[in-house]
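Asker:
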Amino acid sequence: MKLGLGTAALGRPQYINVRLENCDNSDLNAFRNKSFAVLEEAYNLGIRYFDTAPGYGLAEELLLDWLLTKDDKTIEVATKWGYTYTANFNPNATVHEIKEHSLSKLKEQWNFSKKLLPYLKVYQIHSATLETGVLENTAVLEYLSFLKKEHHLKIGLTTTGTNQVEVIKKALDVLVDGEQVFDLFQVTYNFLDQSLSEISSELNLQNKSIVIKEALANGRIFSNKKYPHYKEMYTSLEKIAAQHNVGVDAISLKYCEQTITNAKILSGASTTHQLKENLKLNDFLLSNNEIEILHSFKVSNENYWSERKKLEWN
Ligand SMILES: NC(=O)c1ccc[n+]([C@@H]2O[C@H](COP(=O)([O-])OP(=O)(O)OC[C@H]3O[C@@H](n4cnc5c(N)ncnc54)[C@H](OP(=O)(O)O)[C@@H]3O)[C@@H](O)[C@H]2O)c1
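My numbering numbers the first residue of the sequence shown as 6 and each following residue consecutively.
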């Protein structure tokens with residue numbers, strides 16, 4: 006199964022994306038139960054890779070509770086460190102998360118995340134950037150290498166922004182005791198931001214794992230009057246989707262699967278309905294011609310990420 010489940014929208018009642026429908030997540034208990042049901046449905050539908058983070062509100066705790074109901078060595082959990090969730094489930098919060106790439110934050114968050122062992126297989130720096138200096142922080146890198154050996158983890162990082170490829174290249178050169186630290190890269194990729202394709206062959210060559218996030222461009226792939234410049238894209242996408250009898254979400258996920266070799270793709274579904282729709286990527290293949298059409302929707306990195314920055318927590 007190429008699809009994994011991301012838990013960002015399952016752990017935070019408010020999330021950065023284009024919400025097409027208003028959802029009332031004010032009852033935290035009901036929100037939690039709904040999210041738990043999505044995890045269970047994902048498992049029943051064959052998903053075994055679950056991506057989470059302390060920055061995703063109650064997601065890590067929810068996953069821990071859910072894992073207690075399972076005894077299955079094929080389940081793999083990936084978590085992260087580096088963001089602290091600060092919204093306290095308040096929709097009007099002004100600050101939803103705080104980023105900190107220090108050794109003390111790593112140790113503090115590891116102290117909770119280690120409860121996900123033995124299912125925990127991947128430990129990632131959440132949104133590694135050149136600015137935070139995390140790829141030059143010897144103490145942090147040595148601690149990550151120690152955790153890798155001690156718990157047989159893959160060490161990864163996630164990238165966001167216009168210079169994803171630059172960050173990945175720099176990370177490939179990071180060594181501790183003569184060995185590369187990073188085994189896995191979680192990267193934003195979709196037909197609007199195709200920059201991962203510049204480095205995916207090299208990652209495969211070096212035997213690195215690739216995980217794709219934001220495959221639906223945070224909801225921007227769905228027809229939306231707020232994005233008139235995508236009007237032609239919406240028309241083409243809907244035509245291809247109709248031909249395969251699926252939604253545009255499955256088309257976008259399939260594009261990622263067929264254009265990046267050996268990648269896991271994260272579904273960001275917030276409901277079981279969305280998840281089932283996403284999973285339709287397993288029912289068809291895109292033709293070369295269709296892939297060419299999707300390739301043509303590429304926008305510049307600057308435009309992609311400036312539009313992404315304007316998305317709100319909703
Ligand atoms: N490391 C990082 O910095 C980082 C950043 C972002 C994401 N991630 C990871 O990647 C995962 C996926 O990314 P993402 O959720 O941000 O982006 P995404 O997959 O591009 O977008 C997900 C959103 O698309 C909507 N959606 C999905 N299927 C749909 C359907 N069939 N019909 C209508 N709407 C649909 C949902 O919006 P509604 O909920 O509004 O309905 C959902 O929240 C996350 O869960 C997380 O694990 C990591």
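Here a beta-carbon is modelled for each residue, glycine too, at the ideal position from N, C-alpha and C.
(1) To the nearest whole angstrom, what separates the beta carbons of residue 160 and residue 139, a pair I think is in contact under 8 Å?
(2) Is the stretch 227-243 touching the stretch 252-264, taking contact as three or more C-beta pairs under 8 Å?
(3) Between which two residues does the beta strand (DSSP E) holding residue 56 run?
(4) Buried or exposed for residue 9, going by 16 or more other Cβ atoms inside 10 Å?
(5) Below 8 Å between beta carbons: does that hold for residue 146 and residue 181?
(6) In terms of residues, what are the limits of the alpha helix (DSSP H) holding residue 240?
(7) Could you spell out where the beta strand (DSSP E) holding residue 192 opens and where it closes?
(8) How far does the beta strand (DSSP E) with residue 270 in it extend, from its first residue to its last?
(9) Hey, quick one: how far does the beta strand (DSSP E) through residue 217 stretch, first residue to last?
(10) Helix or strand or just coil, what does DSSP make of residue 102?
(11) From residue 89 to residue 293, what does the alpha carbon distance come to, in whole angstroms?
(12) Closest by CA to residue 213, which one among 234, 183, 167, 267?
(13) How do the stretch 66-76 and the stretch 44-57 stand: do at least 3 beta-carbon pairs fall below 8 Å, yes or no?
(14) Could you round the C-beta distance between residue 52 and residue 6 to whole angstroms and report it? I think they count as a contact, below 8 Å.
(15) Go ahead and pull the three-state DSSP assignment for residue 80.
(16) Per the DSSP calculation, residue 129 is bridged to which residue(s)?
(17) Bridge partners of residue 203, per DSSP?
(18) What is the residue span of the alpha helix (DSSP H) that residue 8 lies within?
(19) Considering only C-alpha positions, which residue in the set 50, 61, 38, 18 is nearest to residue 12?
(20) In whole angstroms, give me the CA-to-CA distance for residue 260 and residue 133.
(21) For residue 46, does the three-state DSSP call read helix, strand or coil?
(22) Check residue 309 in the structure and name its three-state DSSP category.
(23) Taking buried to mean at least 16 other C-beta atoms within 10 Å of its own C-beta, is residue 100 buried or exposed?
(24) Check whether the stretch 115-135 touches the stretch 158-176, taking contact to mean three or more Cβ pairs, one atom from each stretch, closer than 8 Å.
(25) Locate the alpha helix (DSSP H) running through residue 118, then write down its first and last residues.
(26) Check whether the Cβ of residue 183 lies closer than 7 Å to any heavy atom of ligand 2, and answer yes or no.
(27) For residue 183, count neighbouring Cβ atoms within 10 angstroms of its own Cβ and tell me buried if that reaches 16, exposed if not.
Answerer: Well, looking at it:
(1) The Cβ separation is near 12 Å, so there is no contact.
(2) yes
(3) 54-56 is the span of the beta strand (DSSP E), which, as asked, contains residue 56.
(4) Residue environment: residue 9 is assigned as buried (16 or more neighbouring CB atoms within 10 Å of its CB, all protein chains considered).
(5) yes
(6) 236-249 is the extent of the alpha helix (DSSP H) around residue 240.
(7) 189-193
(8) Looking at the DSSP string, the run of the beta strand (DSSP E) that includes residue 270 is 268-272.
(9) 214-218
(10) strand
(11) 43 Å
(12) Put simply, of 234, 183, 167, 267 the residue whose alpha carbon is nearest the alpha carbon of residue 213 is 267.
(13) Contact holds: three or more Cβ-Cβ distances are below 8 Å.
(14) With a Cβ gap of about 6 Å, residue 52 and residue 6 count as contacting.
(15) coil
(16) 85, 161
(17) DSSP lists no partner for residue 203.
(18) Residue 8 -> not in any alpha helix (DSSP H); beta strand (DSSP E) instead, spanning 8-11.
(19) Taking only the C-alpha atoms, the option nearest residue 12 is 61.
(20) C-alpha separation (whole angstroms): 26 Å.
(21) helix
(22) helix
(23) exposed
(24) yes
(25) 108-118
(26) No copy of ligand 2 appears in this structure; the ligands present are ligand 1.
(27) exposed
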